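Quick note, the working numbering runs 3 ahead of the 1-based positions in the sequence shown. C-beta: ideal position from N, C-alpha, C; glycine also. Here the structure is a predicted model, which is why all the values come from computation and not from measurement.
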Amino acid sequence: MPTYLKNKWQFIGSWIFLSIVVCILISLAQTLAREVTLDNVRAYDFKIIRTAIKHQKEVNNNYFQEITSELSTRNGSIVLFPLAIIEKNSCSQNGKLGSNNKICEFFKNIDEWELKTSSKNINNYYKIKYKFFEKEVYMYAELDSEKVLVGQAGNYLHLHGDDFAQIIEFITNRLPNNYINSIYGITSIYYKSKWSMLIFFFGSTLVLVIFLSLTIRKERQHANELNYAKNLVAEKENQCHLLQSKIDESNNILSDRKEKVESFQIQLRNNEIKLEKYDADIESLIEDLTELEGKHKILQSNLNDIEAEKHKLITNVEFATSRINNAEAKNELQSYQSKYNKIVKLWDSSTKWAQRREIEESVNAKQRVPFTLSTAFIAFEAWVDDYYKDLSAQNHSNEITTLNEKIDVVIRKQPHLRLTLHSIRVARNAWFHNGKIPEKGLIKELLKIINDVEPRI
């Protein structure tokens with residue numbers, strides 16, 4: 004798979020993953036907001052029920068069930084807002100017997116209510132008093148000296164106005180204990196926030212499609228521009244070849260003109276010699292002299308024309324020569340590029356040791372191989388360490404720290420390498436400490452030993 008396609012698929016996967024994470028965060032935020040809102044509604048419902056009951060002279064259980072059933076229960080069996088009236092010797096709660104309302108099980112009378120609950124607290128926003136019992140919060144209102152209206156306040160009444168504390172309460176208590184601990188809890192989060200998640204997810208997908216479309220369009224435009232640039236380079240190369248042909252043709256013409264100039268110069272010198280011979284007999288040869296002078300003028304005119312053409316050709320040659328020098332510079336640059344490509348292979352761990360030596364000798368005027376030599380000595384030391392570790396593991400011997408001692412252990416298995424290994428060690432120390440180049444024969448032995456060892460670059 005091409006790299007750019009692989010990167011696109013990685014980007015799409017990351018985008019979808021982040022979109023899912025954001026959807027989950029949206030659903031959790033909506034769940035938290037819903038719970039906080041329901042607790043706020045409970046506070047208002049509690050105040051309504053308190054007002055309805057407080058002005059009644061007598062409140063029996065039937066009246067209490069009737070006034071609370073619409074606001075706090077569903078079908079009478081499921082209590083959405085647990086409430087109870089705790090009296091001196093009794094307790095009445097909303098909902099049917101066996102429902103999820105447990106207030107009267109905890110507080111059978113006012114004495115137990117006062118004994119089990121914490122000290123009084125007040126929510127200043129709703130002007131509602133509340134107490135704590137076993138990590139639960141209960142709001143309450145005294146109907147008279149022997150009667151108290153109690154309602155389960157939820158988890159957020161005592162944290163009203165503190166958004167950070169509400170978030171911590173949701174994450175540490177409500178979320179693990181009421182939602183993610185069951186399939187029903189997880190599905191309830193989904194159904195309560197599915198439209199927000201779906202709208203965001205499809206909107207995010209639409210943005211992704213638009214972004215990818217623009218990216219693909221831009222990449223195609225870049226590819227077209229690249230092809231145009233390649234064609235333009237090819238056209239310029241053809242123009243260079245044509246110009247070189249014209250330069251060669253000009254050189255040939257210049258050579259012909261030089262030969263003609265030399266011929267005219269020879270003829271001129273011959274005519275001058277003839278004129279010197281006829282000086283003694285000017286009167287007798289006046290007609291010949293006049294004729295020769297006419298020829299001389301013609302030749303001189305031709306010579307001037309040729310000199311002018313020569314000057315013009317020399318100017319053209321100088322211009323062409325400057326263009327040729329540019330071509331030579333290009334060839335020289337290509338030569339350096341070739342050497343650079345060879346040098347880069349020295350950093351490739353797949354390059355064989357013999358190839359490394361050949362590459363570095365080919366680009367070094369004195370055929371020295373400092374990079375290969377340093378890398379080879381490092382690989383040699385790694386080879387000795389690995390060999391020594393294998394032998395130590397077999398013999399359970401103590402750790403030896405010096406290279407000299409490790410070589411002594413290695414040559415027990417390969418005694419024929421004693422002189423070679425110690426010579427390489429001595430040459431290694433001289434190279435790293437004093438910069439002394441070892442003999443070529445020793446370098447050859449070194450590369451032979453580490454032939455199969457990967458360069459430690």
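Helix, strand or coil at residue i [DSSP, three-state]
i	result
His299	Residue placement at His299 is poorly supported in this model, since its pLDDT is 47, which falls under 50; the coordinates still yield a value, given next. Three-state DSSP puts His299 in a helix.
Ile131	strand
Ile440	coil
Asn124	strand
Thr40	helix
Lys11	helix
Leu406	helix
Glu139	strand
Thr175	helix
Lys447	helix
Ile106	helix
Ile362	helix
Asp411	helix
Gly154	strand
Glu149	coil
Arg260	helix
Ser185	coil
Thr76	strand
Gln96	strand
Asp308	Summary for Asp308: the model assigns pLDDT 48, below 50, so the residue's position carries little reliability; its value from the coordinates is reported in the next sentence. Three-state DSSP puts Asp308 in a helix.
Leu83	coil
Ile89	strand
Distance, residue j Cα to residue i Cα
i	j	result
Asp147	Phe84	22 angstroms
Trp350	Ser17	34 angstroms
Leu420	Val387	12 angstroms
Ser426	Phe435	14 angstroms
Ser248	Gln337	22 angstroms
Asn241	Val264	35 angstroms
Thr354	Val347	10 angstroms
Ser394	Asp411	For the record, residue 394 in the displayed sequence is Leu; it is not Ser. Going from the Cα of Leu394 to the Cα of Asp411 covers about 12 angstroms.
Asp389	Gly444	25 angstroms
Ile301	Ile276	Here the model assigns Ile301 a pLDDT of 47, short of 50, so the residue's position is not dependable, and the following value carries that caveat. Approximately 17 angstroms, taken between the alpha carbons.
Ala430	Leu422	12 angstroms
Glu448	Arg415	19 angstroms
Phe267	Glu252	23 angstroms
Lys221	Pro179	47 angstroms
Glu335	Asn344	14 angstroms
Lys298	Asn273	Interpretation of Lys298 is limited by its pLDDT of 42, a score under 50 that renders its predicted location unreliable; the figure taken from the coordinates is listed afterwards. Near 12 angstroms, if we compare the C-alpha coordinates of Asn273 and Lys298.
Pro441	Arg428	11 angstroms
Val236	Glu228	12 angstroms
Leu306	Tyr231	Low confidence applies here, because Leu306 scores a pLDDT of 48, under 50, leaving its location unreliable; read the following figure in that light. In a straight line, the C-alpha of Leu306 is about 51 angstroms away from that of Tyr231.
Phe204	Glu117	52 angstroms
Ser341	Ser365	11 angstroms
Leu2	Lys280	Within the shown structure, residues of the chain are numbered from 4 to 460, placing residue 2 beyond reach of any answer.
8 angstroms Cβ cutoff, residue i in contact with chain C
i	result
Arg45	Here there is only one protein chain, and chain C is not present.
Beta-carbon gap between residue i and residue j smaller than 8 angstroms
i	j	result
Gln169	Val39	yes
Leu450	Ala379	yes
Glu90	Ile113	yes
Ala87	Ser93	no
Ile453	Leu376	no
Phe49	Gly157	no
Lys195	Thr34	yes
His132	Met142	Per the sequence shown, the amino acid found at residue 132 is Lys instead of His. Contact: yes.
Thr120	Lys111	no
Ile70	Ala46	no
Ser199	Ile23	no
Asn126	Leu160	yes
Glu361	Phe374	no
Val413	Leu406	no
Ile15	Leu211	yes
Leu152	Arg53	yes
Of the listed residues the options, nearest to residue i (C-alpha basis)
i	options	result
Gly98	Lys123, Ile19 and Ser72	Ser72
Tyr391	Tyr128, Glu408 and Glu442	Glu408
Ser150	Lys280, Glu115, Ile81 and Ser191	The residue you asked about is not Ser; residue 150 is Lys in the sequence shown. Of Lys280, Glu115, Ile81 and Ser191, the residue nearest in Cα terms is Glu115.
Ile106	Asn184, Glu172, Ile125 and Val82	Val82
Leu21	Leu424, Ile189, Asn230 and Ser207	Ser207
Ser122	Trp198, Val236 and Phe136	Phe136
Ser216	Ala433, Lys11, Pro441 and Glu442	Lys11
Gly164	Ala36, Lys416 and Phe205	Ala36
Ala382	Pro418, Asn64 and Trp356	Trp356
Runs of beta strand (DSSP E) lying entirely within the region 204-255, each at least 3 residues, in chain order: none
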